[in-house]
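Everything below concerns the one structure shown next.
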Amino acid sequence: MKAIISLIAFLFVAGIPLSQANAAVRLDGLWRNNKENISVRIQSTAQGIRAMRLEQSVWYFYTKQHEGLYSDGKGRFYEVRSDDEIMWRESSTGKRILFNRVTNDQ
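At position 39 of the sequence shown the residue is numbered 53 (my numbering), and the sequence of numbers has no breaks.
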């Protein structure tokens, strides 16, 4: 119950409109943030997605909370903004990284 309340509070504070999420967006592929020089490979899983920064070679798992929002259970989220744009957020620090699609592995 505490996790649900935390997620609702995060969504409210972050200003994420639940209706914006696009159910048809598949995240599989390579994503890039040029400002931070970070590339992320994302793959779908049965529970949500897994993401790997190319320079780290470690997979991080994110569970689907609802259409367009994936959480790692530790306060980090991927939010689908559009077919070609996702936002990574860390709730404890407020850090945000915007990624644009480079390739589509569908």
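C-beta atoms are modelled at their ideal positions from N, C-alpha and C, and glycine is treated no differently.
(message) Give me, in chain order, the residues of the same chain whose beta-carbon lies closer than 6 Å to that of LYS109; leave out the 5 immediate sequence neighbours on both sides.
(response) none
(message) Helix, strand or coil for GLN79? Go by DSSP, reduced to three states.
(response) strand
(request) In angstroms with no decimal places, state the Cα-to-Cα distance between ASP97 and PHE113. (result) 11 Å
(request) Mind checking which residues open and close the beta strand (DSSP E) that includes ASN47? (result) 43 to 47
(message) Distance check for VAL72 and ALA35, CA to CA, integer angstroms please.
(response) Its pLDDT being 42, under 50, ALA35 is placed unreliably in this model, and the value from its coordinates should be taken loosely. Answer to the nearest angstrom: the Cα atoms are 27 Å apart.
(request) Please work out which residues of its chain come closer than 7 Å, Cβ to Cβ, to GLU93, disregarding the five sequence neighbours upstream and downstream, and give them in chain order. (result) ILE30, GLY82, LEU83, ILE100, MET101 and ARG103
(request) Please work out which residues of its chain come closer than 7 Å, Cβ to Cβ, to ARG95, disregarding the five sequence neighbours upstream and downstream, and give them in chain order. (result) MET101
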